[in-house]
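Below you'll find the structure, written out as structure tokens, and then a few comments.
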DNA sequence: CGCCTTTCCATTGACGCCCATAATTTCCCA
DNA sequence: TGGGAAATTATGGGCGTCAATGGAAAGGCG
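Protein chains in written order, with this note's numbering: chain A, 1 to 159; chain B, 1001 to 1159.
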């Protein structure tokens, strides 16, 4: 498997360390990045995390702007400037910085949530309510889609 | 890691010395430049800093203009003319010149901010407000992008 | 000869690295 | 297919090293 999937909740120990779930570690291992690339998610109280795949995404975004342009400097500041590469110890654990923890409201436990090419780290309570909300939206969207398909089929459309 | 990422705030001591963050030092070490290449950022109260990678970028920028052209002379003056190479002591510290400190409004503490191939040195307060502003811009662009994609999908475009 | 800068050493607190343990989970074989 | 052994995971703690910082000694320049 080379995608991050499923969600696992784990506790921080007295030193603030937390194990990266084993399934995520194998994906990271395949990716080849040394450490864990992290930054505060732009529009939600969570941490985006991953390896080279995630960093290249950021790099590509910034690379679109011309050097020394106003936009490029601002994007680099907001993206690279808030990124961190956390060290992973021999047991597969990381220590989240205070900045990251504050952004996500993390205290003593976290939920790792797979998002394909990257994953997010949430405060478990916030994750569950966010998940409930997202599930509602997806349900609504799904029923909307199926009714559209039903309508297309009813009028004889084929593909 | 061969990129400058994250931000670290450190204090100047009584002699005006300040440690370059260890993570930045390793990137500089890999870059191979002896010392720290610095100049006042062109359009903001910050100091641009880096090694060979930064110098080549400037060289490339100036090289785009035709020799002896007015623009070339001006760029060369603004960039090369204001550049300094700071000495790094045995403990990885530098002393910022008064010119640089005045340009950035630095007094007793600085924030080192990674921008990928280079990093910037800010007065911590100014950095935080600049970061807030830049983050807003990135958020705006992100939502703009996602709504464009939504629109494309809605009108049936495929790729 | 004094001042300023550079180089060297000291402290302390944090962090990286190592080993130990317990609870799973996986695997194997009867 | 069930039971048990082995490997893996999550977690706890100890200890040495390094980073950040402060200060003193040494060297150069006016």
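Cβ coordinates follow ideal geometry from the N, Cα and C atoms, glycine included.
Give a yes or no on whether 9 angstroms exceeds the smallest Cβ distance from residue 158 (chain A) to chain B. Confidence at residue 158 (chain A) is low in this model, with a pLDDT of 49, below 50, so the placement of that residue should be treated as unreliable; the coordinate-derived value is given next. So, not an interface residue.
Same chain only: Cβ atoms within 7 angstroms of residue 1025 (chain B), ignoring 5 sequence neighbours per side: 1092
Per DSSP, residue 1049 (chain B) is paired with what? B:1038 and B:1119
What's the C-alpha gap between residue 52 (chain A) and residue 118 (chain A)? 10 angstroms
Just checking, does the region 77–96 of chain A make contact with the region 10–21 of chain A on the three C-beta pairs under 8 angstroms criterion? yes
Residues that DSSP places opposite residue 19 (chain A) in a beta bridge: A:93
Name the chain A residues that come within less than 8 angstroms of residue 1076 (chain B), Cβ to Cβ? Per Cβ cutoff of 8 angstroms: no residues; residue 1076 (chain B) is ~14 angstroms from chain A at best.
Please list the terminal residues of the continuous alpha helix (DSSP H) segment that includes residue 1072 (chain B). 1070–1079
Contact belief for residue 120 (chain A) with residue 49 (chain A) at Cβ below 8 angstroms, rounded distance in angstroms: 7 angstroms
What first and last residue would you give for the beta strand (DSSP E) that runs through residue 86 (chain A)? 84–86
Helix, strand or coil: which one does DSSP assign to residue 32 (chain A)? coil
Bridge partners - residue 14 (chain A), DSSP secondary structure assignment: DSSP output for residue 14 (chain A) lists no bridge partner at all.
If you run the structure through DSSP and keep just helix, strand and coil, what is residue 159 (chain A)? For residue 159 (chain A), the pLDDT reaches just 49, beneath the cut-off of 50, and the residue's location in the model is therefore unreliable, although a value from the coordinates is still provided. In the structure shown, residue 159 (chain A) sits in coil (DSSP, three-state: anything other than H, G, I, E or B).
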